[in-house]
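**Student:** First the structure, which I've put down as structure tokens, then a few questions once you've had a look.
There are 4 protein chains.
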Amino acid sequence: MLQYLTCGESHGKYLMAILEGMPSGLKLDSSYINDELLRRQRGYGRGERMSIEEDHVEIISGCLKGETTGAPIGLLLENKNFTIDSLPPLFRPRPGHADLAGALKYREEIRSILERASARETAMRVATGAVAKRLVSEFGAGLVSHVVQIGHVSVPKKPLSFDEIGEKVKTSILNCAFPQAERDMIHAIDLARKRKDTLGGTFEVIVRGVPPGLGSHVHYLRKLDGRIAQSLMSVQAIKAVEFGLGRDYAETPGHLAHDEIFYNRTRGYFRKSNRAGGIEGGMSNGADIVVRATMKPIATLGKPLRSVDVRTKRPMLADFERADICAVPAASVIGEAACAFEIARAMCEKFGGDSLSEMKRNFRGYLAQLRHS
Amino acid sequence: MLQYLTCGESHGKYLMAILEGMPSGLKLDSSYINDELLRRQRGYGRGERMSIEEDHVEIISGCLKGETTGAPIGLLLENKNFTIDSLPPLFRPRPGHADLAGALKYREEIRSILERASARETAMRVATGAVAKRLVSEFGAGLVSHVVQIGHVSVPKKPLSFDEIGEKVKTSILNCAFPQAERDMIHAIDLARKRKDTLGGTFEVIVRGVPPGLGSHVHYLRKLDGRIAQSLMSVQAIKAVEFGLGRDYAETPGHLAHDEIFYNRTRGYFRKSNRAGGIEGGMSNGADIVVRATMKPIATLGKPLRSVDVRTKRPMLADFERADICAVPAASVIGEAACAFEIARAMCEKFGGDSLSEMKRNFRGYLAQLRHS
Amino acid sequence: MLQYLTCGESHGKYLMAILEGMPSGLKLDSSYINDELLRRQRGYGRGERMSIEEDHVEIISGCLKGETTGAPIGLLLENKNFTIDSLPPLFRPRPGHADLAGALKYREEIRSILERASARETAMRVATGAVAKRLVSEFGAGLVSHVVQIGHVSVPKKPLSFDEIGEKVKTSILNCAFPQAERDMIHAIDLARKRKDTLGGTFEVIVRGVPPGLGSHVHYLRKLDGRIAQSLMSVQAIKAVEFGLGRDYAETPGHLAHDEIFYNRTRGYFRKSNRAGGIEGGMSNGADIVVRATMKPIATLGKPLRSVDVRTKRPMLADFERADICAVPAASVIGEAACAFEIARAMCEKFGGDSLSEMKRNFRGYLAQLRHS
Amino acid sequence: MLQYLTCGESHGKYLMAILEGMPSGLKLDSSYINDELLRRQRGYGRGERMSIEEDHVEIISGCLKGETTGAPIGLLLENKNFTIDSLPPLFRPRPGHADLAGALKYREEIRSILERASARETAMRVATGAVAKRLVSEFGAGLVSHVVQIGHVSVPKKPLSFDEIGEKVKTSILNCAFPQAERDMIHAIDLARKRKDTLGGTFEVIVRGVPPGLGSHVHYLRKLDGRIAQSLMSVQAIKAVEFGLGRDYAETPGHLAHDEIFYNRTRGYFRKSNRAGGIEGGMSNGADIVVRATMKPIATLGKPLRSVDVRTKRPMLADFERADICAVPAASVIGEAACAFEIARAMCEKFGGDSLSEMKRNFRGYLAQLRHS
């Protein structure tokens, strides 16, 4: 029942979100959300706007004295770049964007499409995701994201632990946990910038500490992987989503594709591998949830692609709006938020409860049940 | 507003589905649905059950004299293998299945989890998808699927047209459009069978004839790619979903990653490439929608994996239930159905209407609007 | 997340329902459901069909060995009167029915509208409601319904207790708890029959044993009274829904309109009156939920009303289909089912949990919390 | 698919709403919304706050140059009375309010419950309803509301036309269309004020110009009366909802309870009566939709009711917060908004379309279809 709506245009006065269904009693302050927003804004390869504008969200409802009350949480973010009323109309749709299909669908001038389709909207997804992260953290769960590929540069196959990744990305300007790969990525970005080109890439989100049994196999809309896939694929520019071995499952034989089951007193049931990415039968299985998403290169190019003027139908170069070279680090933060929301939603469904203390009591009851299963 | 629920267990008496929200006036008979069910059952690499049991669905409501009435469509499929009451309990969860997480979550014996989690349920997804396909076909749209990888065997990169694929898969026992690749795939399956192993793979679904503007950029739950991703990822054993260039976007530079826009009188706006897989900004852009999904190898192995007896907690080999070696061809048919449903749902939303004739009138109005845009 | 769909036509082969979201571990057998269906079929004033046809539902999924498994519950009811294919078309819409608006909306012949709009569909609402009743009974809650008015005959204002009502209606052929009123109602029905007329009336549903805090004030779609109102108003022929004092609130001054709050050790917070009908601020307040609904008279009259032939547009008398004189007793059973579903849904949301034992554990935790509040 | 969320507390900094799913191309400015907000604030019998604080909503997204764009519409209303952080806690729950059940459910102090449960929230329902009204007005539909009872004073049974009501309420300080009744109502309110008492009442909402076929009989959640009932019943303090004859159906015999069907060239199908309140079989039938709702008296009394201090559990008088005597006129405006939203939602579903011009084209097509039916 956890749900949210966002609104706001890229250069409008405000962005807003309403997050409905959070339990009461969760400590929450805007600085936590703003830290996440800052994470989204950073990243080598971003254009000018990002550097000048630091987002600050205001919690305008659903919180009293620093704790949620159970009422809908309103988040308000003032755009410093509030120029929508004076921006010129656009007539040359950019390939790779919502511009053309949106203008045709809504019978709108391209500007009004672009203002909503812009990745600026993801600020509110990060903000709501931050609240979700706060919630899941109360249950001992945590999320981390890191960039695993930009252009032709991939990180080594060597897996790092959740904590290592969390530690390493702190000092990375690309949210990358491998310093050598990061250097190569920076180089690739510099090269792309020189060529007035852009770069896409792949990031990974890991959710640790989720108990087995979130999501369900009984109905397709309850499957946790399906929900996370929707959430991630709906992030601007995301074109691929994979769990665990993902694409590589195609060439992995069955006897190497699954995670054998073990048991000991201390850990209960456990696995020695995590090829499934923590999800079996549409449910969390207790292992880390590991999901990767691939982002296409920014579609607004310094050297614009060919397009058509929608008034004259004559060939023209596409409009040029903004100048990020690579936004994969930002996308990784957004993807983390998108996952956090789905985990929080699944937890609210599984554990019910209207207050954090009730939800925790139900959660502890479930953990005890698991221990005796 | 188009929605459905399915129910039924793998060895229960019936599988059922209720599809709610279809317009009236659509010609529909069970033979069309049964043909799709047959497509799902075929495929080299399937176990014994598939060969003996031909599914027949009965349309038990929502149709009068061969046409839908607007009322919910009830689909009933009698299981020939109705043995659920006499099947033994299971105690050794199979890695890669819902068995363990499901048993823990629902406090159920493994049998009752497996009976619902089984891919048998996908028969009803194919059945509802078949109805959806009938609907979208009325609007000139069509779907085709084909297997592009099994194990290490991939089809050539050379793209085939929608019609070529549709033609070629007709004579393929693997729903594969490339005869040489098919032979190699068959060989790989034979080898896996010999080794008591299983194989996964990748299939592609193509939707042709969808107008620009299905889905929307305005709200994340309206994005067509997000919805299709959820629908596909929620199919049993699917672990990756990609649109267009998909994973390869990571290493494709921006100037080669998008589809430039052209216009001529006859075609209106058009593209010469389709890297986006037909979706930009969460909307169909008028090009073919191209989506690929990767299936993990069947988790029930002839040479069972290590597991634990849930009663004694002692190490045991996993239970063995059934013996498909490779179900990627079946998955491709199911994936096609899953996509068909989402296309139909998006069309019902976009064009409204309660009768097929009203929906078509609205559709034609939109096409005319597009022509004058 | 508890949800259901129904399908089936009045004279079709089957009626079906799929109930999705029930916890595992609930004892359930078809005889319990069939008893409720029988309650729906009884009642003085019904036509011929009711007396000959005893409904039997088969639980075709979601249950194993007499207990739910968490999987969707499929309910199948075979219509003994399966004549839909041979029934003649209809051309004279009946005032007060879906006939005309439905035929215009769906471009359908009246028969296909009537077959779905018919109150026959309520059999499946009773069946799903019966499962819901089973669930809520596990939490100490119970429902009872009784007829409080038919035509001009009302029951005395004297309130009976939940148990008294439950006891008294057992021997009533009108589901009425007041024998004298029942006799007068029977007389009124006999008179109406003689006049080829029909009668409406009002029934009351009481839900006992619901803890405070089902539903919520925070969002309009979470309000329990709003949900129950939708559920009841969507039952065929229901035209008014009231909680507690209902319409009489209009003329009750504030100081007599609310339920003062008291407290003692044994009972915790309690009230000495129940004007609110157990709901304050969109939430259960711990008192009995008391809701009344008014049903219009059956719209198919022995002496048909004026209508129009839809082919010729000439004035004609309306088609005549069936011959109940008064269905308020049946409606009261249906209303009880509709309420039971909403209570069960609210409980599933509030207490979460996938198994009955988990849900009960969460429930007990909440009760303990209440005791210490 | 039209949906909205609201957030905000009674004495918080802002109230907000996000309305998602509106078509593009609808002229919209805040003055129209503010006029509706003003209507909500007026009314003899209101307390001090109402008179000092004039609400002004700002449209912060989803509109460009005075027209909707299809993007979510954000509405922001600054509370002049932003004191929430300094307001004292409350410990004596008011009977008739969410106070006690809410505090128990959410483990919250009463203040945080009351701040959200307060009717202040309805400002945003009126704001979103105003946008909905703008939409339906484009299709020739309109809404009017009027107060029909306050305390023991009812308006005469003599029905007025839609236009007459609209005209008469303009000059009424009680949104009442009958001047003599209004005078008596004012007198009743004055008397109640003197007695430190409060008054409830009943209002009626009429929707004119809705074509037949909104809503549907096929599925209970599609029934238009069920949806309107939910929407109205979820408005603060509403306890009864009735369509057409409503409660009086109970004593109206069948031959006087329905609306016979006529036809002529000019009007098509029509009725000479409107007992059904414009809805048959869960669908609009083309006649005015007429729905009445009853509001209980304000639960905050000048002479407080008995309650309990939640800290000590000792008997105490209830907290006193605010001092309206009668808010039925305001409720009628809110009810109008609640209905407008449901009509708009049903229209969006029925006519589809992303732009107003597309929706109108589809609408015209349907009207032409009706004319030829």
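Residue numbers (this note's numbering), protein chains in the order written: chain W, 269 to 641; chain F, 269 to 641; chain R, 269 to 641; chain V, 269 to 641.
Every residue gets a Cβ at the ideal spot worked out from N, C-alpha and C, and that includes glycine.
1) How long is the line joining the alpha carbons of Gly410 (chain F) and Ala505 (chain F), rounded to whole angstroms?
2) Between Gly546 (chain V) and Ile557 (chain V), how many whole angstroms is the CB-CB distance? I'm expecting something under 8 Å.
3) How big is the Cα-Cα spacing for Val503 (chain V) and Tyr488 (chain R)?
4) Listing by chain order, which chain V residues have their CB less than 8 Å from the CB of Asn553 (chain R)?
5) Spatial neighbours of Asp577 (chain V) within its chain, please: CB distance less than 7 Å, with the 5 preceding and 5 following residues excluded, ordered by chain position.
6) Using a C-beta to C-beta distance shorter than 7 Å, which residues of chain V count as neighbours of Leu273 (chain W)?
7) So, does the CB of Gly477 (chain F) fall closer than 7 Å to a CB anywhere in chain W?
8) Can you tell which of W:Leu296, W:Gly512, W:Glu510, W:Ser484 has its C-alpha closest to the C-alpha of Asp367 (chain F)?
9) Following the continuous alpha helix (DSSP H) through Leu249 (chain R), name the residue where it begins and the one where it ends.
10) Let me see if you follow: with CB-CB separation under 7 Å, is Arg375 (chain V) close to chain W or not?
11) Label Ser354 (chain F) either buried or exposed according to how many other C-beta atoms from any shown protein chain fall within 10 Å of its C-beta, with 16 as the threshold for buried.
12) Closer than 7 Å by beta-carbon distance: list the chain F residues that pair up with Tyr634 (chain V), in chain order.
13) Which residue's Cα is closest to the Cα of Arg515 (chain F): W:Glu519, W:Glu288, W:Ser405, W:Glu510?
14) Starting from the C-beta of Leu283 (chain R), find all residues in its chain whose C-beta is less than 6 Å away, skip the five residues before and the five after it, and write them out in chain order.
15) Compute the distance between the beta-carbons of Ala544 (chain W) and Val394 (chain W), then report whether it is under 7 Å.
16) Among residues of its own chain, excluding the 5 on either side of Gln417 (chain V), which ones have a beta-carbon nearer than 6 Å to its beta-carbon?
17) Exposed or buried, Leu524 (chain V), counting other C-beta atoms within 10 Å across all chains shown (16 or more means buried)?
18) Taking Cβ-Cβ distances below 7 Å as the criterion, which residues of the stretch 328-339 of chain W are in contact with chain V?
19) Assign Phe702 (chain F) to one of two classes, buried (16 or more other C-beta atoms within 10 Å of its C-beta) or exposed (fewer than that).
20) Rank F:Ala371, F:Gly481, F:Arg402, F:Met551 by C-alpha distance to the C-alpha of Pro480 (chain W) and give the top, closest one.
21) Check for me: the beta strand (DSSP E) holding Ser329 (chain F) runs from which residue to which?
22) According to DSSP, is Phe407 (chain W) part of a helix, a strand, or is it coil?
23) So, His526 (chain R) versus Ala567 (chain V), is the Cβ gap smaller than 7 Å?
24) Quick one, which residues of the stretch 449-462 of chain R are near chain V if we go by CB-CB under 9 Å, in chain order?
25) Leaving out the 5 sequence neighbours to the left and right, which residues in its chain are closer than 7 Å to Val596 (chain F) when beta-carbon positions are compared?
26) For Arg560 (chain W), which three-state DSSP category applies?
27) Do the stretch 330-346 of chain F and the stretch 284-291 of chain F touch if we need at least three Cβ pairs shorter than 8 Å?
28) In the DSSP assignment, the alpha helix (DSSP H) including Gly298 (chain V) goes from what residue to what residue?
29) Tell me where the alpha helix (DSSP H) around Tyr517 (chain F) begins and ends.
30) Let me confirm a value: Gln309 (chain V) is counted as buried when at least 16 other C-beta atoms fall within 10 Å, else exposed. Which label applies?
31) Can you give the Cα-Cα distance for Ala508 (chain F) and Lys507 (chain W), rounded to whole angstroms?
32) Are Gln498 (chain F) and Gln498 (chain W) close, meaning C-beta to C-beta below 7 Å?
33) Strictly by DSSP, which residues pair up with Arg476 (chain F)?
34) Between Asn349 (chain R) and chain W, is there a C-beta pair that is closer than 7 Å?
35) Counting only beta-carbon separations shorter than 7 Å, does Arg384 (chain F) have a partner in chain R?
36) Identify, in the order they occur along the chain, each residue of the same chain with its Cβ nearer than 7 Å to the Cβ of Phe609 (chain V), setting aside the five sequence neighbours on each side.
**Tutor:** By the coordinates alone:
1) 25 Å
2) About 4 Å; that satisfies the 8 Å criterion.
3) 7 Å
4) Near Asn553 (chain R) (Cβ distances below 8 Å), the residues of chain V are Leu368, Ala369.
5) Phe359, Arg360, Met584
6) Leu273, Ile286, Glu288, Pro340
7) Interface flag for Gly477 (chain F) against chain W is unset, since no Cβ pair is found closer than 7 Å.
8) The shortest C-alpha separation from Asp367 (chain F) is found at W:Ser484.
9) Past the boundaries of the shown model lies residue 249 (chain R); chain R is included only from 269 to 641, so the question cannot be answered.
10) yes
11) exposed
12) Close partners of Tyr634 (chain V) in chain F (Cβ separation under 7 Å): Glu626.
13) W:Glu510
14) Gly276, Leu345, Ala391, Met392
15) no
16) Gly469, Thr470
17) exposed
18) Ile328, Ser329, Gly330, Leu332, Thr337, Gly338, Ala339
19) Not covered by the structure: residue 702 (chain F). The range shown for chain F is 269 to 641.
20) Cα-wise, what sits closest to Pro480 (chain W) is F:Ala371.
21) 325-329
22) coil
23) yes
24) Ala460
25) The answer, listed in chain order, is Val415, Ile418, Gly468, Gly469, Phe471, Met563.
26) strand
27) yes
28) Rather than Gly, the amino acid found at residue 298 (chain V) in this sequence is Ser. Ser298 (chain V) -> alpha helix (DSSP H) spans 298-309.
29) Premise fails: Tyr517 (chain F) is in no alpha helix (DSSP H) and is neither H nor E.
30) buried
31) Distance from the CA atom of Ala508 (chain F) to the CA atom of Lys507 (chain W), rounded to whole angstroms, is 11 Å.
32) yes
33) F:Gly410
34) no
35) Closer than 7 Å: yes.
36) Thr396, Gly397, Ala400, Ser499
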